[in-house]
Amino acid sequence: MNKQELEQNFLHSGTTLVGVVCNDGIIMGADRQSTAGNLVVGKNVQKAIQINDYLVISATGMVADIELQKKVIRAELKLKELKSKRRPTVREAANMIGMMTYRNIRQPSMVPSIVGTLVAGFNEDGTSELFTIEPAGTAMKVEDYDANFGSGMPYVLGYLEREYKKNCTCEDGIKMAVESLKASTQRDTGSGFGIDVFSIKDGKIVHEIAQEIAAEYRNKEGMKR
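Structural data, given as structure tokens:
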């Protein structure tokens, strides 16, 4: 992607995603705010979603495209499993999602399809993996951490660049995901109002954190209103 395309994607992608690779699993998180330009239209939109028994995805971009993508991914993975008589790997799922994204942006449309996606899950052998799929459709395996192309990406990467350690555990990863999401919601106007954090570990997916971020007003003396 060139500089102009990158700037356009950030402009249209008001959200914060985070994925962290730990030595015992994967952590995935996202905020809950949904926007239309400068207007907040949703305060409780879960962007990190478990779509089946072994996969969690989070996405940034046009809401309609994201919601359709979730349904299609779930159906396509089930069809692939029925046809091949085996469950798709995380890499196969990520490559399939990348191909869907690639095809979408090359179909003539009045509304541009801009969807960046993080994909995390576990394979049948128990290994867990994290992939990032950029808005043009390239699927890349993440070896440490990523925030895809959401507007909160600079804040997340800035925090994780300092705090991430290669030998971190999922417990460490959850703390880093929460802190990076909170840091982003404090500074990024496209993110806020809540966070969701999932762990993918030992062949299980757990919704570890589901929090709302509520505004609290105080007078000058520090008393709550």
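Under my numbering, the first residue of the sequence shown is numbered 63, with each subsequent residue one higher.
The beta carbon of each residue, even a glycine, is placed where N, CA and C say it ideally should be.
Values in this document were obtained by computation on a predicted structure and should not be read as measured data.
Any non-hydrogen atom of the ligand GDP within 7 Å of alanine 182 CB: As presented, the structure is devoid of all ligands, the ligand GDP included, so that no description of it is given.
What are the boundary residues of the alpha helix (DSSP H) that includes lysine 237? 232–249
At a cut of 8 Å, does the segment 234–254 reach the segment 217–226 through at least three beta carbon pairs? yes
Using a Cβ-Cβ cutoff of less than 6 Å, which residues in the same chain neighbour glycine 104 once the five nearest sequence positions on both sides are dropped? Ser96
Please determine, among Ala92, Thr78, Thr77, the residue with the shortest C-alpha to C-alpha distance to serine 261. Ala92
Do you know how far the Cα of arginine 280 is from the Cα of threonine 122? 33 Å
Would you mind giving the Cβ-Cβ distance between isoleucine 113 and arginine 136, rounded to the nearest angstrom? I have them listed as a contact below 8 Å. 5 Å
Glutamine 19 bridges to which residues according to DSSP? The question about residue 19 has no answer, for the chain in this structure spans 63 to 287.
For aspartate 127 versus valine 204, is the C-beta spacing smaller than 8 Å? no
Are the CB atoms of glycine 256 and isoleucine 275 nearer to each other than 8 Å? yes
My output table needs one value for glutamine 95: the three-state DSSP class, helix, strand or coil. coil
For alanine 156, the three-state DSSP class (helix, strand or coil): helix
Would you report the Cα separation of tyrosine 221 and lysine 140, rounded to the nearest angstrom? 37 Å
Assign valine 173 to one of three DSSP states: helix, strand, or coil. Its pLDDT being 46, under 50, valine 173 is placed unreliably in this model, and the value from its coordinates should be taken loosely. Three-state DSSP puts valine 173 in coil, outside helix and strand.
From which residue to which residue does the alpha helix (DSSP H) around methionine 202 run? Segment 201–203 is the beta strand (DSSP E) holding methionine 202; no alpha helix (DSSP H) there.
What separation, rounded to the nearest whole angstrom, lies between the Cα atoms of arginine 149 and tyrosine 116? 10 Å
Would you check if the distance between the CB atom of methionine 161 and the CB atom of valine 118 is smaller than 8 Å? no
Alpha carbon of methionine 172 to alpha carbon of aspartate 264, nearest angstrom: Only weak support exists for where methionine 172 lies, its pLDDT of 44 falling under 50; the coordinates are left without a value.
Would the beta-carbon of valine 181 fall within 8 Å of that of valine 218? no
Below 7 Å CB to CB, which residues in the same chain sit around glycine 254 once its five sequence neighbours on both sides are set aside? Asp93, Gln95, Thr247, Ile275
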